[in-house]
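Here our numbering runs 1 ahead of the position in the sequence shown, where the first position is 1.
Below: one structure, written as structure tokens.
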Amino acid sequence: MLSQVIWTHQYELPTNDRFGASAQLRDGGFLLSGTNFPVLGGQYPRTPTILLVRTDTQGDTLWTRKQRIRKYADVRSTFLCENTTGHVLMGGYTVATTTYPNLDYNSFLTLFTPTGDTLWTKELPLSYTNTYKGITLGPDGNFVIAANVQGHPQLQSLGVNGQVVWQTTLDFSATEAGRLTAMTPVPNGYLVVLQAADNSKKFVYVSHSGVRGAEYLNANSLDELAPNRLVAVEDGNIAVVQGTTVRKFSPDFTLLWSATTPSNQLSTIGMAIVRNTSGQYVVTGNASSSSHNVSLVASTYSAQGQYLSTRTFYSTLNLGTNNLLGNLHIDRATGEYVVAGSGNISNGTSSSIDYFLTKVTGAPVLASLAAARRPVADAYPNPVTSTRQLTVVAPGPLSGQLLLINPQGQVVRQWPIGAASPGNRYTLSLAGLPAGLYFLRLTDASQQSSTVKIVVP
2 MLSQVIWTHQ
12 YELPTNDRFG
22 ASAQLRDGGF
32 LLSGTNFPVL
42 GGQYPRTPTI
52 LLVRTDTQGD
62 TLWTRKQRIR
72 KYADVRSTFL
82 CENTTGHVLM
92 GGYTVATTTY
102 PNLDYNSFLT
112 LFTPTGDTLW
122 TKELPLSYTN
132 TYKGITLGPD
142 GNFVIAANVQ
152 GHPQLQSLGV
162 NGQVVWQTTL
172 DFSATEAGRL
182 TAMTPVPNGY
192 LVVLQAADNS
202 KKFVYVSHSG
212 VRGAEYLNAN
222 SLDELAPNRL
232 VAVEDGNIAV
242 VQGTTVRKFS
252 PDFTLLWSAT
262 TPSNQLSTIG
272 MAIVRNTSGQ
282 YVVTGNASSS
292 SHNVSLVAST
302 YSAQGQYLST
312 RTFYSTLNLG
322 TNNLLGNLHI
332 DRATGEYVVA
342 GSGNISNGTS
352 SSIDYFLTKV
362 TGAPVLASLA
372 AARRPVADAY
382 PNPVTSTRQL
392 TVVAPGPLSG
402 QLLLINPQGQ
412 VVRQWPIGAA
422 SPGNRYTLSL
432 AGLPAGLYFL
442 RLTDASQQSS
452 TVKIVVP
């Protein structure tokens with residue numbers, strides 16, 4: 002199924018530009034990043050540069066910037082994240098110009114001003130095991146970085162000046178460091194995926210202040226989880242894409258359902274998963290329709306695991322090592338999709354790789370999703386401190402009981418509401434509770450329930 006195109010743009014046609022990452026910015030425009038290099042394929046050194054293309058809301062170019070890191074033969078962009086002041090942090094990696102260039106990787110972070118000027122670059126020690134695996138923005142406006150550094154998984158908060166605000170080491174166990182493969186933000190912090198040498202996975206919740214919380218072991222039923230392939234969805238659940246399969250897990254990583262694209266459709270090799278404005282899960286990836294063509298497609302699933310459709314956004318020549326790459330953004334106001342990527346574009350005489358940005362019809366904006374954004378209760382301090390006292394401020398009068406529930410669904414504490422509390426404020430004692438993740442359930446006067454995640458370190 003083809004999507005109706007609203008507008009489309011192609012950038013830097015005379016050169017080869019391999020897409021790496023994209024971001025939808027706070028003003029509604031877009032930033033595309035990747036590698037600009039003079040030859041298609043070829044041998045090292047290829048003297049590539051980082052290419053940034055900044056657009057407005059309609060995809061028209063506002064500016065382009067190129068950054069050359071001269072001591073490296075190849076450079077890739079993998080992550081982009083904008084902060085509240087318009088600065089953008091880019092994560093990527095390079096290949097050193099040594100006798101064996103494919104073996105020496107150097108991961109880096111570069112901070113750009115809102116106009117694309119470089120402020121600073123930080124590099125990890127030279128090793129293919131030192132890698133960045135995700136960037137997001139914390140509630141304090143600092144960047145949160147997931148990385149493997151000197152043999153240990155880490156989560157760190159980084160200020161706009163490049164200084165570390167906090168840093169948490171997240172070894173797989175007391176006897177094995179393991180490695181971090183992915184990170185995604187969740188309502189009260191971050192979810193980190195750790196992997197051991199035997200391919201066992203551990204899903205670890207980390208608070209916004211870097212405190213390690215509840216963790217859940219998944220033996221080896223899942224392949225390695227890469228960045229962008231898991232996302233927090235409704236009710237604290239987690240959706241995961243691997244290859245052509247989508248799985249939905251509860252907050253404690255009990256499998257709720259598993260679904261696969263039907264064999265009579267294009268098989269989506271999932272590169273990213275997002276939730277659209279209809280509450281559906283959209284998996285973006287590449288699919289080969291023949292030996293000569295590759296398409297950027299998206300398969301859509303309902304929140305209950307029903308396969309709905311596969312849509313084709315873009316098709317291009319398949320030249321083997323430079324297949325189509327892409328990303329999908331959701332316009333939350335209209336439900337429309339904006340597809341960013343690069344592919345081999347034929348101009349009639351030769352082929353080159355070029356960025357593109359295309360806006361297409363998406364999904365309806367459901368009123369029920371907007372209603373779900375009604376005010377919720379606040380609980381602090383969260384994570385709970387050594388006093389084990391929790392203050393809850395509800396948006397309105399409550400009824401019934403306050404229930405504290407563990408990830409297995411068991412009620413471990415309950416408090417009667419009693420008389421109306423001034424300001425709908427309640428102080429709860431959590432003394433004696435084991436460390437872990439809990440869910441505080443509140444019921445308002447209209448019998449509508451809401452849940453707040455509570456972390457007890």
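For every residue, glycine included, the Cβ atom is placed at its ideal position computed from N, Cα and C.
Taking the continuous beta strand (DSSP E) assigned at residue i, which residues delimit it?
{"i": "ALA304", "result": "Segment: none, ALA304 is in no beta strand (DSSP E) and carries neither H nor E."}
{"i": "GLN68", "result": "62-68"}
{"i": "ASP379", "result": "379-381"}
{"i": "PHE250", "result": "246-250"}
{"i": "PRO186", "result": "180-187"}
{"i": "GLY327", "result": "326-331"}
{"i": "GLN155", "result": "153-159"}
{"i": "THR392", "result": "390-394"}
{"i": "PHE1", "result": "This structure cannot settle anything about residue 1, because the visible part of the chain is limited to 2 through 458."}
{"i": "ALA198", "result": "No beta strand (DSSP E) holds ALA198; DSSP gives it neither H nor E."}
{"i": "ARG426", "result": "426-430"}
{"i": "SER259", "result": "256-261"}
{"i": "VAL150", "result": "144-150"}
{"i": "PRO417", "result": "412-417"}
With a threshold of 8 Å on Cβ separation, who are the neighbours of residue i within its own chain once the five nearest residues in sequence on each side are excluded?
{"i": "LEU125", "result": "ASN107, SER108, PHE109, ASN131, THR132, TYR133, ALA148 and VAL150"}
{"i": "GLN5", "result": "VAL361 and THR362"}
{"i": "SER78", "result": "GLY21, ALA22, SER34, GLY35, THR36, ILE51, MET91, GLY92 and GLY93"}
Within the same chain, show all residues whose beta-carbon is closer than 6 Å to that of residue i, passing over the 5 residues directly before and after it, in chain order.
{"i": "GLY363", "result": "GLY336, GLU337 and TYR338"}
{"i": "TRP167", "result": "SER158 and GLY211"}
{"i": "PHE80", "result": "ALA22, GLY92 and ILE136"}
{"i": "TYR12", "result": "VAL54 and TYR356"}
{"i": "ALA260", "result": "VAL247, TYR302, GLY306 and TYR308"}
{"i": "SER316", "result": "ASN294 and SER296"}
{"i": "VAL145", "result": "THR137, GLY139 and SER158"}
Can you tell me the Cβ-Cβ gap for residue i and residue j, rounded? I've got them flagged as a contact below 8 Å.
{"i": "VAL456", "j": "TYR206", "result": "7 Å"}
{"i": "LYS202", "j": "VAL193", "result": "Actually they are not in contact, since the Cβ atoms of LYS202 and VAL193 sit about 11 Å apart, beyond 8 Å."}
{"i": "ARG180", "j": "GLY87", "result": "Contact flag wrong, Cβ pair sits at about 33 Å."}
{"i": "ASN425", "j": "ALA380", "result": "With a Cβ gap of about 12 Å, ASN425 and ALA380 do not count as contacting."}
{"i": "GLY117", "j": "SER343", "result": "GLY117 to SER343, Cβ: 19 Å. No contact."}
Distance check for residue j and residue i, CA to CA, integer angstroms please.
{"i": "GLN390", "j": "ALA432", "result": "8 Å"}
{"i": "LEU326", "j": "PHE314", "result": "12 Å"}
{"i": "GLY237", "j": "VAL298", "result": "27 Å"}
{"i": "VAL165", "j": "LEU112", "result": "14 Å"}
{"i": "ASP141", "j": "SER289", "result": "43 Å"}
{"i": "TRP121", "j": "VAL187", "result": "29 Å"}
{"i": "MET184", "j": "PRO228", "result": "7 Å"}
{"i": "ARG276", "j": "LEU404", "result": "29 Å"}
{"i": "ASN1", "j": "ASP253", "result": "The displayed coordinates of the chain run from 2 to 458. Any statement about residue 1 would go beyond what the structure contains."}
{"i": "HIS287", "j": "ARG333", "result": "According to the sequence provided, residue 287 is Asn. The question's His does not apply to it. Taking the straight line from one Cα to the other gives about 24 Å."}
{"i": "GLY349", "j": "PHE20", "result": "With a pLDDT of 48 at GLY349, under the threshold of 50, the modelled position of that residue is not reliable, and the figure given next carries that caveat. Looking at the two C-alpha atoms, the distance is approximately 22 Å."}
{"i": "ARG442", "j": "TRP258", "result": "24 Å"}
{"i": "ILE239", "j": "TYR282", "result": "11 Å"}
{"i": "PRO398", "j": "ALA446", "result": "6 Å"}
{"i": "TRP459", "j": "GLN25", "result": "In the structure as shown, the chain begins at 2 and stops at 458. Residue 459 is therefore absent and cannot be evaluated."}
Who are residue i's beta bridge partners in DSSP?
{"i": "GLY35", "result": "PHE20 and LEU52"}
{"i": "HIS88", "result": "Per DSSP, none; premise fails for HIS88."}
{"i": "LEU223", "result": "For LEU223, which the question treats as bridged, DSSP gives no partner whatsoever."}
{"i": "SER316", "result": "SER296"}
{"i": "GLN243", "result": "THR246"}
{"i": "ASP75", "result": "VAL96"}
{"i": "LYS454", "result": "PHE440"}
{"i": "GLU124", "result": "PHE109"}
Once the 5 residues before and after residue i are set aside, which same chain residues still bring their CB inside 7 Å of it?
{"i": "GLN402", "result": "GLN415, TRP416, PRO417 and ILE418"}
With a threshold of 8 Å between beta carbons, is residue i in contact with chain C?
{"i": "THR58", "result": "Annotation note: the requested chain C is absent from the structure, which comprises a single protein chain."}
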